[in-house]
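**Student:** First, the structure itself, so that you have it in front of you.
Numbering (my numbering), first residue to last: 122 to 570.
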């Protein structure tokens, strides 16, 4: 049986794969595993993004947590990084976010944070999953006054905004910014934070109705933002995803600035300010080759991990790094928060622009982005880890690696959250790498589907 937890919690189509029953079980098992060592009555903070299934799953999860004796604080719609921050600020015992991040509205997910605001290691997730498979064997279900209760809070988002603007203070008067909120959790916090710092904000896709999250908008659909930045003659565009833990940017010419470029810009600035610990940035194997070349040129060490911001975070904690992230825009500023934070990423990028007086297009020139083709092969979820077990696929990958050796690279990996095998090729000729990536992805899909 496939592992229930992926790289970012439990994901699936809401009410089909991720059912209220499963959410309740996750609430029971998660609350028990994360709080059983506590001598006091434990408290779990729960937030969600804007998708219509959020309340259904949040209430089911909280019912499960209350049934094993835990109290819950429901903070409603908040960015994932806000829940992580508030979990540690209020010293509650755990945090939960109901979100499927950048995925379409029919999906949802459940991810846990420990009492310090960190995503759970694999071992704890496995323990939660085992407890569910064993039907909560050995767990005491209290009665009477010992059951948990739910408290509702609506003021928590202001505390997160205050934290962000105090962490990266600046004056944004005279700066025009177009912000795409993806009809998601950033719809209030990002706009208010930028306005409080004095920016002139043009907000788009900030009217969530529960059904429009990530729909042709946000960090996975950038075309409208690119055009709007140019039309508005804005200095910068900011694109969040559904739960606002990632950020991509657009320069004044309408060109996309991805997570690698943002880390290069901010990392160099932090290094010059003496704030880049160990003169190191932690990135994943999916980062562009140009990012690693930038590190060599600028004297910044780049540590590599497997894909997933949780693995970036683990390595950052191991070596004491202050900056790390992914090309996709999950960027972690560990001195300020414990997970990828779209708002903090935006503020740090804006701070470099304000302090240096340079345009974003100028700043982005610190690294050359080499052409990169990424094509997804749709496969059955339970097969996606086994692509190398098919001889015809293994041989095709070997030949591709020989072809691009020395002039690029080939990276094949299963998605941690979706039924996909991702084929990524880097090289000098965009048309060639796109053609070869599509050919291999089609082969994988035909053989494995």
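Just so it is clear, CB atoms sit at the ideal spot from N, CA and C, and this is done for glycine as well. None of the values given here were measured: they were computed from a predicted structure.
Whole-angstrom Cβ separation of residue 463 and residue 365, contact assumed at under 8 Å?
**Tutor:** For the purposes of this step, residue 463 is taken as the residue at position 342 of the chain shown. For the purposes of this step, residue 365 is taken as the residue at position 244 of the chain shown. Sure, about 4 Å apart at Cβ, within 8 Å.
**Student:** With respect to the beta strand (DSSP E) encompassing residue 157, which residues constitute its N-terminal and C-terminal limits?
**Tutor:** For the purposes of this step, residue 157 is taken as the residue at position 36 of the chain shown. No beta strand (DSSP E) contains residue 157, which DSSP labels as neither H nor E.
**Student:** Tell me whether the beta-carbon of residue 149 lies closer than 8 Å to the beta-carbon of residue 213.
**Tutor:** Working through the chain shown from its first residue, we reach residue 149 at position 28. Working through the chain shown from its first residue, we reach residue 213 at position 92. In this structure, residue 149 lies away from residue 213, with their beta-carbon atoms at least 8 Å apart.
**Student:** Express the C-alpha separation of residue 503 and residue 122 in angstroms, rounding to a whole number.
**Tutor:** By 1-based counting over the chain shown, the position of residue 122 is 1. By 1-based counting over the chain shown, the position of residue 503 is 382. Because the pLDDT at residue 122 is just 48, under 50, the model does not fix this residue reliably, and the value given afterwards should be weighed accordingly. Spanning the two alpha carbons is a distance of roughly 8 Å.
**Student:** Per DSSP, residue 232 is paired with what?
**Tutor:** Translated into positions along the chain shown, residue 232 becomes position 111. Answer is 218.
**Student:** Would you list the residues sitting across from residue 83 in a DSSP beta bridge?
**Tutor:** Absent from the structure is residue 83, since the part of the chain shown begins at 122 and ends at 570.
**Student:** By the three-class DSSP mapping on this structure, what secondary structure does residue 569 have?
**Tutor:** Residue 569 sits at position 448 when you count from the first residue of the chain shown. Here residue 569 sits in helix by DSSP.
**Student:** Excluding the 5 residues preceding and the 5 following residue 331 in the sequence, name in chain order all residues of the same chain whose CB lies nearer than 7 Å to its CB.
**Tutor:** Here residue 331 refers to the residue found at position 210 when the chain shown is read from its first residue. Excluding positions up to five away in sequence, the list reads 171, 172 and 173.
**Student:** Just to check, is the beta-carbon of residue 268 closer than 7 Å to a non-hydrogen atom of the ligand ZN?
**Tutor:** What this structure holds is no ligand at all, so the ligand ZN is not there to describe.
**Student:** Just grab the DSSP bridge partners of residue 547 for me.
**Tutor:** Against the chain shown, residue 547 aligns to sequence position 426. Its beta-bridge partners are 493 and 530.
**Student:** So, is residue 510 buried or exposed, given that buried needs 16 or more other C-beta atoms within 10 angstroms?
**Tutor:** Stepping through the chain shown from its first residue, residue 510 is reached at position 389. Residue 510 should be labelled exposed.
**Student:** For residue 371 versus residue 363, is the C-beta distance shorter than 8 Å?
**Tutor:** Working through the chain shown from its first residue, we reach residue 371 at position 250. Working through the chain shown from its first residue, we reach residue 363 at position 242. In this structure, residue 363 does not lie closer than 8 Å to residue 371 by Cβ.
**Student:** Check for me: the alpha helix (DSSP H) holding residue 518 runs from which residue to which?
**Tutor:** In the chain shown, residue 518 corresponds to position 397, counting from 1. It spans 512–525 - the alpha helix (DSSP H) in which residue 518 sits, taken as one unbroken run.
**Student:** Using the beta-carbon count (16 or more within 10 Å), is residue 328 buried or exposed?
**Tutor:** Here residue 328 refers to the residue found at position 207 of the chain shown. Exposed is the call here.
**Student:** How many angstroms separate the CA atom of residue 471 from the CA atom of residue 391?
**Tutor:** Along the chain shown, read from residue 1 onward, the residue named residue 471 stands at position 350. Along the chain shown, read from residue 1 onward, the residue named residue 391 stands at position 270. Going from the Cα of residue 471 to the Cα of residue 391 covers about 13 Å.
**Student:** Measure the alpha-carbon distance for residue 181 versus residue 231 and round it to whole angstroms.
**Tutor:** Walking along the chain shown from the start, residue 181 turns up at place 60. Walking along the chain shown from the start, residue 231 turns up at place 110. Between residue 181 and residue 231, the alpha-carbon positions lie close to 11 Å from each other.
**Student:** Starting from the Cα of residue 304, find the closest Cα among 439, 324, 296 and 487 and give me that residue.
**Tutor:** The residue labelled residue 304 in the question sits at position 183 within the chain shown. Here the closest residue by C-alpha is 324.
**Student:** Look at residue 281 and residue 207 and say whether their C-beta atoms are less than 8 Å apart.
**Tutor:** As a working mapping, residue 281 is identified with position 160 in the chain shown. As a working mapping, residue 207 is identified with position 86 in the chain shown. Yes.
**Student:** Residue 238 and residue 205 - do their beta-carbons sit closer together than 8 Å?
**Tutor:** Counted from its first residue, the chain shown places residue 205 at position 84. Counted from its first residue, the chain shown places residue 238 at position 117. Yes.
**Student:** Put residue 167 into one of helix, strand or coil per three-state DSSP.
**Tutor:** By 1-based counting over the chain shown, the position of residue 167 is 46. Looking at residue 167 - three-state DSSP - the assignment turns out to be strand.
**Student:** Write down every uninterrupted run of the beta strand (DSSP E) in the segment 452–489 whose length is 3 residues or greater and which is fully enclosed by it, in chain order.
**Tutor:** 452–454
**Student:** My output table needs one value for residue 404: the three-state DSSP class, helix, strand or coil.
**Tutor:** Taking the first residue of the chain shown as position 1, residue 404 is located at position 283. Strand at residue 404.
**Student:** So, with DSSP's three-state summary, where would you put residue 427?
**Tutor:** Stepping through the chain shown from its first residue, residue 427 is reached at position 306. Here residue 427 sits in coil by DSSP.
**Student:** Are the CB atoms of residue 378 and residue 485 nearer to each other than 8 Å?
**Tutor:** Start at 1 with the first residue of the chain shown, and residue 378 comes out as number 257. Start at 1 with the first residue of the chain shown, and residue 485 comes out as number 364. Result yes, Cβ atoms of residue 378 and residue 485 sit closer than 8 Å.
**Student:** Out of 202, 490 and 258, which one is the CA nearest neighbour of residue 311?
**Tutor:** Numbered from its first residue, the chain shown carries residue 311 at position 190. Minimum Cα distance to residue 311 is reached at 202.
**Student:** Quick one, which of 394, 249, 260 and 193 has its alpha-carbon nearest residue 151's?
**Tutor:** Along the chain shown, read from residue 1 onward, the residue named residue 151 stands at position 30. Of 394, 249, 260 and 193, the residue nearest in Cα terms is 249.
**Student:** Count the other CB atoms, across all protein chains shown, that sit within 10 Å of the CB of residue 273; report buried if there are 16 or more and exposed otherwise.
**Tutor:** The residue given as residue 273 occupies position 152 in the chain shown. The residue is exposed, with fewer than 16 neighbouring Cβ atoms inside 10 Å.
**Student:** Tell me which residue opens and which closes the alpha helix (DSSP H) that residue 251 is part of.
**Tutor:** Here residue 251 corresponds to residue number 130 of the chain shown, with the count starting at 1. Segment 243–254, the alpha helix (DSSP H) holding residue 251.
**Student:** Would you tell me roughly how many angstroms separate the C-alpha atoms of residue 320 and residue 295, rounded to the nearest one?
**Tutor:** The residue given as residue 320 occupies position 199 in the chain shown. The residue given as residue 295 occupies position 174 in the chain shown. So the two alpha carbons sit approximately 7 Å from each other.
**Student:** Check whether the Cβ atoms of residue 228 and residue 133 lie closer than 8 Å to each other.
**Tutor:** Within the chain shown, residue 228 is the residue found at index 107, counting from 1. Within the chain shown, residue 133 is the residue found at index 12, counting from 1. Their beta carbons are under 8 Å apart, which means residue 228 touches residue 133 by this criterion.
**Student:** Alpha carbon to alpha carbon, how far is residue 285 from residue 355?
**Tutor:** As a first step, residue 285 must be located in the chain shown, where it is residue number 164. As a first step, residue 355 must be located in the chain shown, where it is residue number 234. Computed Cα separation, rounded: 23 Å.
**Student:** Taking the DSSP output, what are the residues bridged to residue 499?
**Tutor:** As a position in the chain shown, residue 499 is number 378, starting the count at 1. Answer by DSSP bridge pairing, in chain order: 541.
**Student:** The alpha helix (DSSP H) with residue 387 in it runs from where to where?
**Tutor:** On the chain shown, residue 387 is found 266 positions in, with the first residue counted as 1. Element bounds for residue 387: 380–393.
**Student:** Which same chain residues, not among the five before or five after residue 334, have their C-beta less than 6 Å away from its C-beta?
**Tutor:** Within the chain shown, the letter at position 213 stands for residue 334. For residue 334, where only same-chain residues beyond five positions count, the Cβ hits under 6 Å are 171, 172, 226, 304, 305 and 363.
**Student:** Report the rounded CA-to-CA distance for residue 547 versus residue 540, giving the unit in angstroms.
**Tutor:** Against the chain shown, residue 547 aligns to sequence position 426. Against the chain shown, residue 540 aligns to sequence position 419. Between residue 547 and residue 540, the C-alpha separation is close to 23 Å.
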